[in-house]
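Visitor: The structure that follows is given in the form of structure tokens.
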Amino acid sequence: MIVLTVWHGGLAYGGAMSAESQPKLLFQTRATAHGGRAGYIESPDHHLAVKLSVPQEIGGDGGVGTNPEQLLAAGYAACFQSAIGVVARRDKVSFGSSRVTGIVGLRSDDLGYVLEIELQIVLPGLSPEQARHMVDEAHKVCPYSRALRGDVTVRLTVVEEQEPAQGQAETAAVR
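Using my numbering, you'd call the opening residue of the sequence shown number 93 and step up by one each time.
Given below as structure tokens:
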């Protein structure tokens, strides 16, 4: 067995980090993909069992299954919303029922494929400045944000909850 350890963010490469300096493992999970984009994914506890389909936009049949980009959008949105909750508790900030929508795009370049991600965040009851502060702080602590930082452009958009026709938004691209 060959084991290659790469700690993203400059923490350690090739297993050079000592056991004392490694972040404490709080939780670990597992999922196995079978058949690539046109297969299925399952977890050993069977809490996750999904069929995958290749979207028509990239040459597939657009079947009834989900795709890796939808799974990333869902996971990142849920994780980021939890990070906002962590920041809110830490800073003793309260607001209405928040919402985070993840949007993941797949682009091609000379080397293969790259992801583009946008998170649209609604934080009712906060001023645009307060909401931007909460989002910036959540981006610092969210493990998905930390894992993607520097490799994927993530656009964080604070959306003011208004009538659909007005739809004002403040956007900042973060890399």
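From the three backbone atoms N, C-alpha and C, an ideal C-beta is built for every residue, glycine too.
(1) Give the single residue among L215, T249 and L198 whose Cα lies nearest to the Cα of G188.
(2) So, at 8 Å on beta carbons, what are the nonlocal neighbours of L144 in its own chain, with the 5 sequence-adjacent residues on each side left out?
(3) Taking G195 as the reference, give the member of M226, S135 and T245 with the closest Cα.
(4) Which of helix, strand or coil does DSSP assign to G197?
(5) Within this structure, are the beta carbons of Q212 and T249 separated by less than 9 Å?
(6) Please report how far the alpha carbon of D183 lies from the alpha carbon of D137, in whole angstroms.
(7) Taking the alpha helix (DSSP H) that I150 falls in, what are its first and last residues?
(8) What alpha helix (DSSP H) runs, 4 residues minimum, are completely inside the stretch 188-245?
(9) Grab the span of the alpha helix (DSSP H) containing V179 for me, first residue to last.
(10) Could you tell me the distance, in whole angstroms, from the CA atom of E149 to the CA atom of R199?
(11) Whose CA, out of E252, M226, L207 and P115, lies closest to the CA of A175?
(12) Would you say A230 and V178 are within 9 Å of each other, going by their C-beta atoms?
(13) Here's the rule I'm using: 16 or more other beta-carbon atoms within 10 Å means buried, otherwise exposed. How should F119 be labelled?
(14) What are the start and end residues of the beta strand (DSSP E) that includes H126?
(15) Judging by CA-CA distance, which residue of Q173, Q114 and G242 is the nearest neighbour of V206?
(16) Contact check, F172 vs V192 under 8 Å by CB: the rounded distance?
Guide: Looking at the atomic coordinates:
(1) On the sequence shown, position 96 is the one that residue 188 refers to. Proximity to G188 across L215, T249 and L198 peaks at L215, based on C-alpha coordinates.
(2) On the sequence shown, residue 144 is found 52 positions in, with the first residue counted as 1. Hits under 8 Å: A125, G127, G128, R129, A130, G131, Y132, I133, G157, T158, N159 and P160.
(3) Translated into the one-based positions of the sequence shown, residue 195 becomes position 103. It should be pointed out that residue 195 corresponds to Ile in this sequence rather than to Gly. Of the candidates M226, S135 and T245, the residue whose Cα lies closest to the Cα of I195 is T245.
(4) Walking along the sequence shown from the start, residue 197 turns up at place 105. Correct three-state label for G197: strand.
(5) Taking the sequence shown and counting its residues from 1, one reaches residue 212 at position 120. Taking the sequence shown and counting its residues from 1, one reaches residue 249 at position 157. Against a cut-off of 9 Å, the Cβ pair of T249 and Q212 comes out as a contact.
(6) For the purposes of this step, residue 183 is identified with residue 91 of the sequence shown, where counting begins at 1. For the purposes of this step, residue 137 is identified with residue 45 of the sequence shown, where counting begins at 1. Rounded to the nearest angstrom, the two C-alpha atoms are 36 Å apart.
(7) By 1-based counting over the sequence shown, the position of residue 150 is 58. Run containing I150: none; DSSP gives neither H nor E here.
(8) Within the stretch 188-245, the complete alpha helix (DSSP H) runs of at least 4 residues fall at 220-233 and 235-240.
(9) For the purposes of this step, residue 179 is taken as the residue at position 87 of the sequence shown. Annotation for V179: the continuous alpha helix (DSSP H) segment containing it runs P160 to D183.
(10) Within the sequence shown, the letter at position 57 stands for residue 149. Within the sequence shown, the letter at position 107 stands for residue 199. As the crow flies, the alpha-carbon of E149 is around 11 Å from that of R199.
(11) Locating residue 175 in the sequence shown gives position 83, where the first residue counts as 1. Among E252, M226, L207 and P115, the Cα nearest to that of A175 is on M226.
(12) As a working mapping, residue 230 is identified with position 138 in the sequence shown. As a working mapping, residue 178 is identified with position 86 in the sequence shown. Remark: C-beta atoms of A230 and V178 approach each other more closely than 9 Å.
(13) Looking up residue 119 in the sequence shown gives position 27. Exposed: under 16 other Cβ atoms inside 10 Å.
(14) Numbered from 1 along the sequence shown, position 34 holds the residue referred to as residue 126. Per DSSP, H126 is one residue of the beta strand (DSSP E) stretching across T124 to H126.
(15) To locate residue 206, count along the sequence shown from 1; it is residue 114. With distances taken between Cα atoms, V206 lies closest to G242.
(16) On the sequence shown, residue 172 is found 80 positions in, with the first residue counted as 1. On the sequence shown, residue 192 is found 100 positions in, with the first residue counted as 1. Rounded, the Cβ-Cβ distance is 5 Å, consistent with contact.
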